[in-house]
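Student: Handing you a structure now.
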Amino acid sequence: MQLTLIVEFHKALADLTRIRILALLKQGPLHGQAIAGKLSLTPPTITHHMSRLRDVGLIKERRDKNTIYFSLNENVLESCATAILSIGKGEKNMDMSVTAEEREAIINNFFSADGKLKTIPAQRKKRLVVLSHLVKGLEFGKIYSEKEISDYLRSYHPDYATLRRELIIHQFMYRKDGRYEMNPPELWSQG
Numbered sequence: 001m002q003l004t005l006i007v008e009f010h011k012a013l014a015d016l017t018r019i020r021i022l023a024l025l026k027q028g029p030l031h032g033q034a035i036a037g038k039l040s041l042t043p044p045t046i047t048h049h050m051s052r053l054r055d056v057g058l059i060k061e062r063r064d065k066n067t068i069y070f071s072l073n074e075n076v077l078e079s080c081a082t083a084i085l086s087i088g089k090g091e092k093n094m095d096m097s098v099t100a101e102e103r104e105a106i107i108n109n110f111f112s113a114d115g116k117l118k119t120i121p122a123q124r125k126k127r128l129v130v131l132s133h134l135v136k137g138l139e140f141g142k143i144y145s146e147k148e149i150s151d152y153l154r155s156y157h158p159d160y161a162t163l164r165r166e167l168i169i170h171q172f173m174y175r176k177d178g179r180y181e182m183n184p185p186e187l188w189s190q191g
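Residue numbers for the sequence shown follow full-length UniProt numbering, beginning at 1 and rising by one.
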């Protein structure tokens with residue numbers, strides 16, 4: 001998540017109704033009609049607020065026949081809420097259980113002498129180390145097109161699509177409308 005998304009997160013929370021919705025969802029999944037009833041609001045009003053919460057990833061949706069159930073995405077809430085405290089602390093170790101020696105061994109095992117990625121690690125801990133190594137060549141604050149990211153990753157491994165997807169899944173990068181931006185290291189997935 002880049003800094004603009006942190007700002008959007010806080011803007012989304014700058015509304016009493018949305019905070020009340022999150023408090024309700026903290027107790028468990030609810031459908032829109034139930035939320036509207038509990039808050040004495042109209043369904044269109046709930047739809048508007050749910051859209052804002054969805055845009056910043058704070059809610060998840062699950063469809064059951066014709067009913068959509070909303071639930072709180074606690075991982076996003078926690079990472080966004082604490083992200084502002086971490087800004088400016090510099091790069092942190094991807095996994096506190098991975099020592100510098102282990103990181104070096106993982107990089108040496110998975111990268112050839114010419115810097116190419118031999119294979120994408122199956123083990124999550126090793127994959128996170130490899131991904132953190134790959135993003136060192138990207139600039140924080142720069143917005144990349146999908147083609148630029150694909151070309152960059154292709155220079156390391158032919159399966160650039162999987163690497164690109166992994167960078168998003170593990171929050172190394174943020175993607176919107178085919179544009180990619182590095183997240184602060186504080187928001188990267190932990191092993």
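We treat Cβ as the ideally placed atom computed from N, Cα and C, and that holds for glycine.
(1) Buried or exposed: residue 7, going by 16 or more other Cβ atoms within 10 Å of its Cβ?
(2) Which residue spans inside the stretch 147-180 form an unbroken alpha helix (DSSP H) run of at least 4?
(3) Taking the alpha carbon of residue 118 as the reference point, which residue from 137, 142, 156, 149 has its own alpha carbon closest?
(4) Between which two residues does the beta strand (DSSP E) harbouring residue 117 extend?
(5) What residue range does the alpha helix (DSSP H) around residue 145 cover?
(6) Helix, strand or coil for residue 51 per DSSP?
(7) Compute the Euclidean distance between the alpha carbons of residue 135 and residue 103, then round it to the nearest angstrom.
(8) How many angstroms separate the CA atom of residue 32 from the CA atom of residue 108?
(9) Tell me whether residue 61 sits in a helix, a strand or coil according to DSSP, three-state version.
Tutor: Well, looking at it:
(1) exposed
(2) 160-169
(3) 156
(4) Note, residue 117: premise wrong, no beta strand (DSSP E); not H, not E.
(5) Run containing residue 145: none in the alpha helix (DSSP H); it sits in the beta strand (DSSP E), 143-145.
(6) helix
(7) 15 angstroms
(8) 51 angstroms
(9) strand
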